[in-house]
């Protein structure tokens, strides 16, 4: 997450959002690399949340990292694809993708 590392108080202040994260299959894309994850089409993925204790200066300690906690939510599994076969899903993605203005009937 772009706000990492941070204190527990920071994370409790508001919801944690990944709205600026971009999933792509384009390894050559160079804009916003810090918020981009390159995936392979037709592979299955499972997002995970890792909570790792860090030192006061924000660096990880090998001992502290061994106490990391991982949270998995099975309902978030997905398969990366390059095209949708279902027109309703295609429209849903267009409606919620801020970069898909060219595909919309009306420009908001």
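Numbering (UniProt numbering), first residue to last: 1 to 108. Virtual Cβ for every residue (Gly too), placed ideally from N, Cα, C. As the structure is a computational prediction, the values presented were derived from the model and not from experiment.
Residue 48 and residue 24 - do their beta-carbons sit closer together than 9 angstroms?
It is not a contact, given that the beta carbons lie outside the stated cut-off.
Is it true that the CB of residue 45 sits closer than 9 angstroms to the CB of residue 77?
Yes, the Cβ-Cβ distance between residue 77 and residue 45 is below 9 angstroms.
Short check: CB of residue 40 to CB of residue 83, under 9 angstroms?
Contact: no.
In whole angstroms, give me the CA-to-CA distance for residue 88 and residue 66.
If you take the alpha carbons of residue 88 and residue 66, they lie about 44 angstroms apart.
Below 8 angstroms on the Cβ atoms is my contact criterion, and I expect residue 68 with residue 54 to pass it. Report the Cβ-Cβ distance as a whole number of Å.
Taking 8 angstroms as the upper bound for CB-CB distance, residue 68 and residue 54 are not in contact here, some 10 angstroms apart.
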